[in-house]
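Okay, structure first, notes after.
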DNA sequence: GAACTTCTTGACTCACTAGTCATTTTACTT
DNA sequence: AAGTAAAATGACTAGTGAGTCAAGAAGTTC
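Chains as they are written, first to last, in the numbering used here: chain A, 96 to 382; chain B, 96 to 382.
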């Protein structure tokens, strides 16, 4: 089976528990049940391993939010739902998040630096997109303050979720966060508070954003999702939208029911217009 | 010359820049201009060194807020001012904060763990005290949510301050944060939002708080400050209060004017009742 | 089943660093 | 100036861990 994936998982587990520097390649190899030499045939260095970990898990966590972004809930609900599914993802990949929160990595290199920058950029452009959808252009002068506070609240609740055993429900938490943002945003919009941050100061955090939005071109799966959603939207009628939303829901489960998925895809494929896109996505989700 | 202090400063600088594991005792020794053997005569191990660093700088940053807590500004202004002086402190000890933010330390030991717990407890009990002073007991059900969000906003703005060159003014920032807390608190109090966190979940974060408040018994200097402020408050009249506030202001400067300080202390010492306390504090501040 | 290719292994090298301690240097005393 | 106590030094020990590679195992082909 997928040995590469097994390595990533074992590494995340160990690094999450003991930290990057206190986890040796030997221990990772032992934990997967292979030799150090083998390990090095998959990842040419420890640094490459940690980068691959980040890329792998980031993809998993963000993809959820991306897919939610495609359906057409009203902005407020969609934002909350996106938080929710990310929190669900985080609960599922707890040890990845533990690792991430420790923050300790290799001596920062070019590669690592640019990856961190991309990750941050992705988060911020997602937040920006949502703020603009919610409040329109009038929010622009306050967007950095809002994004900054949102990001910090988001991060710290994430930390809370993974460190305490008594799970806070992802749904509640998503709604909570959006509500707090809304309160702060309205206060800004009513002119009571003044912003502290501006484009100039935040330049290091603003990544050249894709016109398309926050989540473009991050993987074949995401493209396949987008293609299906776009097609579904072009045909009107809610039926296929319900089907694809149901597929999205099922695919987020930790053990999606393969038969249910197959059946749902069958429904999509009945429509000739959708056939190609549906098959492409099915290919991605059921290998 | 205080060699111990020189070591702490050099170590903070190096660890802040390169991280704990990538800074060797040899490099620290070289940077101070002493030998490794000497270094080990001050700090019996690397772990002891990092703990001493934390104790030293935590003291410096928090002491400022402690002293502000003693004067009698109205709660809202006092809270903002406390944030402000902490931010000023943070700017002054930037590399300490960089080090702290990296978060990476030795394999967590008993000692380190308990120090981290104490630090967190100190921050939270300070926040709690201020929330109670501002809103009274009615805020209790919402205090954890507010404290949690405050702490996360505080931490993330701190990170922003040390990472961007364009300094955000500590005064503005202090006011900004208190204003945001106020908005969120009022929303809770008006019953629009429901709290998410409770005592049960937050047990790991609540430290057995001193009855006295958040900042007690953290050092001789703080006790001396408290003694003077208490005496000044017992005598009434604003004169001595103005003097001691002025002393507090001067002492926060990076290079306090020694003559000004001496003169101000002279003014206090004119009052027989204050003489002993004033001398004790002067002893602490002008060694 | 022999010849050949690909994968896997773990002993080995090399670089690094926390912590020690016999020896030397400096500071102080008489 | 000699003697003694205290402080500073840096070569040394012992341990760790990233990354390599020659030799061996497993799989494939004819």
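Just so it is clear, CB atoms sit at the ideal spot from N, CA and C, and this is done for glycine as well. Fair warning: this is a prediction, and the values are worked out from it, not measured in the lab.
| Item | Value |
| --- | --- |
| Give the interface partners of residue 118/B over in chain A, defined as CB-CB distance under 8 Å, in chain order. | Within 8 Å Cβ-Cβ: nothing; residue 118/B doesn't reach chain A, min ~11 Å. |
| Which bits of chain A does residue 295/B rub up against, with CB to CB less than 9 Å? | 261 |
| Have a look at residue 177/B and residue 329/B and give me their C-alpha separation to the nearest angstrom. | 23 Å |
| Span of the alpha helix (DSSP H) holding residue 148/A? | 141 to 165 |
| Would you mind working out which of 104/A, 332/A and 322/A sits nearest residue 372/A, comparing C-alpha positions? | 322/A |
| Could you tell me the distance, in whole angstroms, from the CA atom of residue 249/A to the CA atom of residue 272/A? | 7 Å |
| Which residues in the same chain have their Cβ closer than 7 Å to the Cβ of residue 368/A, if we skip the five residues on either side of it in sequence? | 326 and 330 |
| If the cut is a Cβ gap below 9 Å, which residues of chain A does residue 299/B touch? | 258 and 259 |
| Which first and last residues belong to the alpha helix (DSSP H) in which residue 106/A is found? | 98 to 113 |
| Let me make sure I understand the geometry here. Which of 231/A, 255/A, 191/A and 145/A has the alpha-carbon closest to that of residue 201/A? | 145/A |
| Is there a Cβ from chain A that is less than 8 Å from the Cβ of residue 267/B? | yes |
| Which chain B residues sit within Cβ distance under 9 Å of residue 214/A? | What residue 214/A touches in chain B: nothing, since even the nearest Cβ is about 16 Å away. |
| Cβ of residue 356/A less than 8 Å from any chain B Cβ? | no |
| Starting from the beta carbon of residue 282/A, find every residue of chain B whose beta carbon is closer than 7 Å, and list them in chain order. | 278 |
| Assign residue 112/A to one of two classes, buried (16 or more other C-beta atoms within 10 Å of its C-beta) or exposed (fewer than that). | exposed |
| Please work out which residues of its chain come closer than 6 Å, Cβ to Cβ, to residue 360/A, disregarding the five sequence neighbours upstream and downstream, and give them in chain order. | 373 and 377 |
| By the criterion of Cβ-Cβ separation under 9 Å, what are the contact partners of residue 253/A in chain B? | Correct list: empty, because the minimum Cβ distance to chain B is about 10 Å. |
| Take residue 219/A as the anchor and find which of 298/A, 348/A, 290/A and 232/A has the nearest alpha-carbon. | 298/A |
| For chain A, is any of its Cβ atoms less than 8 Å away from the one on residue 247/B? | yes |
| To the nearest whole angstrom, what separates the beta carbons of residue 230/B and residue 290/B, a pair I think is in contact under 8 Å? | Going by Cβ atoms, the distance from residue 230/B to residue 290/B rounds to 14 Å, so no, they are not a contact pair. |
| Alpha helix (DSSP H) containing residue 373/B: first to last residue? | 367 to 380 |
| Could you list which residues in chain B have their beta carbon closer than 7 Å to that of residue 195/A, in chain order? | Simply none; closest approach about 12 Å. |
| What in chain B is Cβ-close to residue 243/A, meaning under 8 Å? | 251, 252 and 255 |
| At a CB distance below 9 Å, what residues from the stretch 102 to 131 of chain A approach chain B? Give them in sequence order. | 113, 114, 115, 116 and 117 |
| Can residue 188/A and residue 155/A be called in contact, C-beta distance under 8 Å? | yes |
| Compare the C-beta of residue 217/B against all C-beta atoms of chain A and say whether one is closer than 8 Å. | no |
| Between the beta-carbon of residue 180/A and the beta-carbon of residue 159/A, is there less than 8 Å? | yes |
| For residue 355/B, does the count of other Cβ atoms within 10 angstroms reach 16, so buried, or fall short, so exposed? | exposed |
| Answer yes or no: does any C-beta atom of chain A fall closer than 8 Å to that of residue 97/B? | no |
| Residue 205/A versus chain B: which residues are under 8 Å apart at the beta carbon? | Per Cβ cutoff of 8 Å: no residues; residue 205/A is ~16 Å from chain B at best. |
| Distance check for residue 127/B and residue 224/B, CA to CA, integer angstroms please. | 41 Å |
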